[in-house]
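Student: Count along the sequence shown from 1, then add 4; that gives the number in the working numbering. Before I ask anything, let me first share the structure, which is written out below as structure tokens.
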Amino acid sequence: MKIGILGTGIVGRTLAARIESLGHDVMMGTRDVGALNAKAAPSGGGETFTAWQAKNRGVKLGTFAEAAAHGELLINATSGSGALAALSMAGERNFDGKVLVDVSNPLDFSHGMPPTLTVSNTDSLGEQVQRALPRARVVKTLNTMNAVLMVEPRQLADGDHAVFLSGNDAAAKKQVSEILGGWFGWKQVIDLGDITTARGTEMLLPLWVRLMGALGGPRFNFKIVR
Numbered sequence: 005m006k007i008g009i010l011g012t013g014i015v016g017r018t019l020a021a022r023i024e025s026l027g028h029d030v031m032m033g034t035r036d037v038g039a040l041n042a043k044a045a046p047s048g049g050g051e052t053f054t055a056w057q058a059k060n061r062g063v064k065l066g067t068f069a070e071a072a073a074h075g076e077l078l079i080n081a082t083s084g085s086g087a088l089a090a091l092s093m094a095g096e097r098n099f100d101g102k103v104l105v106d107v108s109n110p111l112d113f114s115h116g117m118p119p120t121l122t123v124s125n126t127d128s129l130g131e132q133v134q135r136a137l138p139r140a141r142v143v144k145t146l147n148t149m150n151a152v153l154m155v156e157p158r159q160l161a162d163g164d165h166a167v168f169l170s171g172n173d174a175a176a177k178k179q180v181s182e183i184l185g186g187w188f189g190w191k192q193v194i195d196l197g198d199i200t201t202a203r204g205t206e207m208l209l210p211l212w213v214r215l216m217g218a219l220g221g222p223r224f225n226f227k228i229v230r
């Protein structure tokens, strides 16, 4: 399957590497290809995209619009603050009829840590994405854990923990649920309902950030017991 991933940060890279390793045709999208390739390594550590791509040669790189046009299924892995602008640059027609998996969160780091939410309670970034792309089939998922657990849930408790789904299109959610289980190994996929339920998962993020501090790292997730 052809997959387009918008965003070249750690989440996008982790998803791209895993999906390409399964034999899919992956293209990542960015605002400015030349600027990304010229970017120096982060001062706090990590590697440039060029260095990462050298180890993941099967993953293509293009603009947001090129990645969106490439994908039969699309993933929004941009930062929450830049998501709507990135989707606009990608071109609305490139999303028509396609499933768009939205893993972004509306986090505002402008005042440092911990971040606040740019939208909550009566709206969500997932809903804003769906309104911006009315002919896309948006499914909110994978936004309540760190990138490694997204694609390797068995690293924690043998995968006995939860991932959530929100979206208006039942067929799209069924397809994404099958991808979560078949490609990544998720055992507990919980369909919360329509896209408005993304408010709940996005509002978990302030708690998630506090738990990361209390637990000394991001290697944890939510388990639903009943």
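Note that beta-carbon positions come from the ideal geometry of N, C-alpha and C, so glycine has one too.
With a 10 Å radius around its C-beta and 16 neighbouring C-beta atoms as the bar for buried, classify F113 as buried or exposed.
Tutor: As a working note, residue 113 is residue 109 in the sequence shown. Looking at its Cβ environment, which holds fewer than 16 other Cβ atoms inside 10 Å, F113 is exposed.
Student: Among A151, P118, S170, V155, whose alpha-carbon lies nearest the alpha-carbon of L215?
Tutor: What you label residue 215 is simply residue 211 of the sequence shown in a count that begins at 1. When each option's Cα is compared against that of L215, the closest is P118.
Student: For the alpha helix (DSSP H) that G204 lies in, which residues bound it at each end?
Tutor: Residue mapping note: residue 204 aligns to position 200 of the sequence shown, counting from 1. Residues 202-206.
Student: Using CA atoms only, rank isn't needed, just tell me which of A166, T145, S92 is closest to V229.
Tutor: As a working mapping, residue 229 is identified with position 225 in the sequence shown. Nearest option by C-alpha distance: A166.
Student: Pick out whichever of G16, A20, T12, S92 has its Cα sitting closest to the Cα of L40.
Tutor: The residue given as residue 40 occupies position 36 in the sequence shown. Comparing Cα positions, the closest option is T12.
Student: Would you mind stating whether W187 and V155 have Cβ atoms separated by less than 9 Å?
Tutor: In the sequence shown, counting from the first residue as 1, residue 187 sits at position 183. In the sequence shown, counting from the first residue as 1, residue 155 sits at position 151. Yes; because the gap between Cβ atoms is below 9 Å, this pair is in contact.
Student: Given a cut-off of 9 Å on the beta-carbon distance, is the pair F168 and T120 in contact?
Tutor: The residue labelled residue 168 in the question sits at position 164 within the sequence shown. The residue labelled residue 120 in the question sits at position 116 within the sequence shown. No.
Student: Please look up how many angstroms separate the CB atoms of V30 and I9, rounded, as I've assumed it's under 8 Å.
Tutor: The sequence position of residue 30 within the sequence shown is 26, counting from 1. The sequence position of residue 9 within the sequence shown is 5, counting from 1. Rounded, the Cβ-Cβ distance is 7 Å, consistent with contact.
Student: Mind checking which residues open and close the alpha helix (DSSP H) that includes A166?
Tutor: Stepping through the sequence shown from its first residue, residue 166 is reached at position 162. That residue, A166, is in no alpha helix (DSSP H); its beta strand (DSSP E) goes 166-171.
Student: Got a sec, what are the start and stop residues for the beta strand (DSSP E) L196 sits in?
Tutor: As a first step, residue 196 is located in the sequence shown; it is residue number 192 there, counting from the start. L196 -> beta strand (DSSP E) spans 192-197.
Student: Determine the closest residue to H74 out of T52, E51, L91, N98, with distance taken between C-alpha atoms.
Tutor: Within the sequence shown, residue 74 is the residue found at index 70, counting from 1. For the residues T52, E51, L91, N98, the minimum Cα distance to H74 belongs to N98.
Student: Is it buried or exposed for L26, if we count other Cβ within 10 angstroms and need 16 for buried?
Tutor: Residue 26 sits at position 22 when you count from the first residue of the sequence shown. Exposed.
Student: Among the residues of its own chain, which have a CB less than 6 Å from the CB of F53, if the five just before and after it don't count?
Tutor: Indexing the sequence shown from 1 puts residue 53 at position 49. Here the set comprises T12, L40.
Student: Would you grab the beta carbon distance between T126 and V180 for me? Rounded to a whole angstrom, and I think it's under 8 Å.
Tutor: Position 122 of the sequence shown, counted from the start, is the residue given in the question as residue 126. Position 176 of the sequence shown, counted from the start, is the residue given in the question as residue 180. About 25 Å; that fails the 8 Å criterion.
Student: May I ask you to report which of helix, strand or coil DSSP gives K64?
Tutor: Against the sequence shown, residue 64 aligns to sequence position 60. Three-state result, K64: strand.
Student: Please report the Cβ distance between V133 and L91, rounded to the nearest whole angstrom; I am assuming they are in contact, meaning their Cβ atoms lie under 8 Å.
Tutor: Looking up residue 133 in the sequence shown gives position 129. Looking up residue 91 in the sequence shown gives position 87. That pair is a contact at about 7 Å.
Student: Roughly how many angstroms separate the alpha carbons of A72 and A94, rounded to a whole number?
Tutor: As a working note, residue 72 is residue 68 in the sequence shown. As a working note, residue 94 is residue 90 in the sequence shown. Distance between the alpha carbons of A72 and A94 is about 6 Å.
Student: Which parts of the segment 71-129 are runs of the alpha helix (DSSP H), unbroken and 4 residues or longer, counting only runs that do not cross its ends?
Tutor: DSSP runs (the alpha helix (DSSP H)) wholly in the segment 71-129: 87-94.
Student: Around the Cβ of P46, are there at least 16 other Cβ atoms within 10 angstroms (buried) or fewer (exposed)?
Tutor: Taking the first residue of the sequence shown as position 1, residue 46 is located at position 42. Label assigned to P46: exposed.
Student: Give the single residue among D106, T122, I23, S108 whose Cα lies nearest to the Cα of M5.
Tutor: Locating residue 5 in the sequence shown gives position 1, counting from the first residue. Cα-wise, what sits closest to M5 is I23.
Student: Contact defined as beta carbons within less than 8 Å: I believe A136 pairs with L78. What is the distance between those atoms, to the nearest angstrom?
Tutor: Here residue 136 refers to the residue found at position 132 of the sequence shown. Here residue 78 refers to the residue found at position 74 of the sequence shown. The pair is not a contact, with the Cβ atoms about 13 Å apart (cut-off 8 Å).
Student: Can you grab the Cα-Cα spacing for the pair D164 / H115, in whole Å?
Tutor: On the sequence shown, residue 164 is found 160 positions in, with the first residue counted as 1. On the sequence shown, residue 115 is found 111 positions in, with the first residue counted as 1. Cα-Cα distance, rounded: 35 Å.
Student: So the alpha helix (DSSP H) I9 belongs to, where does it begin and stop?
Tutor: Taking the sequence shown and counting its residues from 1, the one referred to as residue 9 is at position 5. It is not in any alpha helix (DSSP H) - I9 instead sits in the beta strand (DSSP E) that spans 6-10.
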